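Each remark here refers to the structure printed beneath this line.
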Amino acid sequence: MLKNAFYGLAFVATILITSTPPSQAAENSCMTIGGVGIPNFFSEGEGQPMIISAALTGSVSMAAGKIVAQRETVTGLEMDMEHYFGRDDGGAFWTKDLGVLTAVPGKPGRFMIEITYDIQENVTRGTLKGYSGQFKSYGLVDLRDPDNLVGLVRYNGEICK
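Residue 135 in this note's numbering is what sits at position 135 of the sequence shown, and the numbering runs on without skipping anything.
Below, the structure written as structure tokens:
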């Protein structure tokens, strides 16, 4: 009886596996990404975007980007950002992002930061070609010294193709 149940289960599994078209299986390929970033910020001068470079651990190994717009809010700042992420195996993607910075009470110039990264589907390369989706980061940034703007963030999420 147990043998018949096993064969029946194996038969159903075989049908399910073989009935999924390969293109659909490839389209549903998802990957969890996550790690830590240590960003540095570089001013290009008044009226120019702020440049970002970061060493990363985890799923991606490097990031570069820029802050293209900044607005003051009741609780801190909002930033429109763009990032380029790369991996050691040649995979890369570009994101357009929203950064929300909340002022740390009693600590002028220091902010909690949350960034939502939206992968731009037409700008993916190598092993990450075709991936899309959104992921997030959160952390702290210190913006007190314009010549030494630093931060630390943790990123995570799931991207799919």
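Virtual Cβ for every residue (Gly too), placed ideally from N, Cα, C. Predicted, not measured: the structure shown is a model, and the values here were computed from it.
I'd like the list of long-range same chain contacts for Gly76, defined as Cβ closer than 6 angstroms, with 5 residues on each side in sequence excluded.
Closer than 6 angstroms at the Cβ level, and outside the excluded window around Gly76, lie Leu101, Thr102, Ala103 and Phe111.
Less than 9 angstroms separating the beta-carbons of Gly91 and Thr124?
-> yes
#### Entry: Selection from Arg71, Leu143 and Ile159 that minimises the alpha carbon distance to Phe42
Distance check between Phe42 and each of Arg71, Leu143 and Ile159 places Leu143 closest, using alpha-carbon atoms only.
What does Gly139 pair with, by DSSP beta-bridge criteria?
Per DSSP, Ile113 and Val153.
Worksheet item: According to the Cβ coordinates, are Lys129 and Tyr117 closer than 9 angstroms?
Response: no
For Lys107 and Ile115, I'd like the C-alpha separation in whole angstroms. 21 angstroms
- Can you give me the start and stop residues for the beta strand (DSSP E) that Gly35 sits inside? Cys30 to Phe42 is the extent of the beta strand (DSSP E) around Gly35.
(Q) Using a 10 Å radius around the Cβ and a threshold of 16 neighbouring Cβ atoms, would you call Val60 buried or exposed? (A) buried
| message | Whole angstroms are fine: how far does the CA of Asp147 sit from the CA of Glu121? | response | 35 angstroms
Compare the Cα-Cα distances from Ile38 to each of Cys30, Tyr155 and Cys160 and report the closest residue.
Tyr155
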